Every structure is written in C-alpha cells, then in structure tokens.
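Protein chains in written order, with the working numbering: chain A, 4 to 118; chain B, 138 to 244.
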C-alpha cells in the first residue's frame, strides 16, 4: 500500500515537497517512481529511484528542477519540486517499480501551479 | 526516446463484445510492454506486463500479444466494469513512456 501526502496550490516559481509512505512490503528492496497526469491528459513518467537510493533518473521535462529521494528507515519516498511551472500542474502518483513496470500505485496527489 | 502510438484513441462497444487495442513502438522493444487500466478519478492499475503476463487478480478475459514493435490488448468479452481508459507502457528503457491512451466507452 502506498499512501500519499496532500497536495496543494503553489505559485509559479515556487516549491513543494510530495511524500509517499509505503507499507506491507520490504520498501528498501524495490525501486519506486513518480508518474504524473495533467488534467484530462495521459500518463507521464517523472522520476525513478533505486531501492538503495543510490541511483536516480529523471524526465527531461523536470531535470534540474525536481529531486527524488527516499528514507528507507521511514518507508517514505519524496519528490522535491522547485521552480514550478504552470505546466507542472498534475496529479502525481507514486508507484513501486519493477523492471516490468509500475505496481501498485498510490492514490495520487494533486499539485496546482497557478498565480 | 521510444514513442508509443495507441489505436484507436477511443471506441464504443457493448457488453459482451470482443475489444482489441493496438500499441505500436517507434523501435524494437522485444516483449517489454505492459498494459494499464485507469477509471475516472482513480490511479492506474497494471493488467499485463512483458506483453502477455497477466497481473495477479486480473480476469482472464484480458490478454496481450505481440513482440518487437506491434502489440495488442484484447478483452474477450467486455464487462460493465471494463469501461475505462487503457494505456500501454514500454519497460524496455528509460525514459519510460506511455501510449496516449484508449478510452473504451459504452455503446
């Protein structure tokens, strides 16, 4: 089970940190990712972090602005989002990540970037 | 980046119909493709991975086939709970990419 924090409204250029708490499995064993979905649009992979936290990867659209991290002692995944843009407005999902895809997914966190 | 193109973008079907959705990759991804179902207001759910492996708990009316650049999701007999949007995902390389989605509506 993946339980995500509440989202929020932030102004363009602002920052926000999302969190995702895992339970029911060995959190540190698996990679985990963020995937987002703009209103009325499709799914977009954002970032993945390995089980140990030593390896990360980002979509070009967020590279240099977003930072993924994890605290395995707290079974928690984070996404630090800086320099937010209007086009970052989306529902953000965390999802346990295998070589064969994403499962399960969190319930989603709505992030709105607007002035 | 690997581009995935789904067709059709939407379809209307009746309960009991056989439904087929296609996903074409811009380059050879072997059998590294999965399918996801998303209902309005809900998180996506994985149905199939590695082209044809059924996720635990998913009904057997769902099946997948293909290889290389052409893949298919088939629902053998559409049920009321299957009306949703379906996405393909390539898990061959990063960045992971999704198809644009296929919305299955009630006729």
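C-beta: ideal position from N, C-alpha, C; glycine also. Predicted, not measured: the structure shown is a model, and the values here were computed from it.
Cross-strand partners of residue 186 (chain B) (DSSP beta bridge):
B:190
Does the structure place the stretch 74-86 of chain A close enough to the stretch 17-25 of chain A that three or more beta carbon pairs sit under 8 Å?
yes
Helix, strand or coil: which one does DSSP assign to residue 107 (chain A)?
strand
Look at the Cβ atom of residue 242 (chain B), then the Cβ atom of residue 147 (chain B), and state whether they are nearer than 9 Å.
yes
For residue 103 (chain A), tell me which candidate among A:27, A:5, A:36, A:25 has the shortest Cα-Cα distance.
A:36
Given residue 71 (chain A), which residues of its chain have a CB within under 6 Å of its CB, disregarding the five upstream and five downstream residues?
50, 52, 59, 82
Exposed unless 16 or more other CB atoms sit within 10 angstroms - verdict on residue 165 (chain B):
exposed
Going by beta carbon distance, what residues of the same chain come within less than 7 Å of residue 217 (chain B), once the five residues before and after it are set aside?
152
Give the interface partners of residue 28 (chain A) over in chain B, defined as CB-CB distance under 7 Å, in chain order.
Going along chain B, no residue has its Cβ under 7 Å from residue 28 (chain A), so there is no contact; the nearest lies around 14 Å.
Of all the residues that make up the stretch 81-101 of chain A, which are near chain B by a beta-carbon distance shorter than 7 Å?
96
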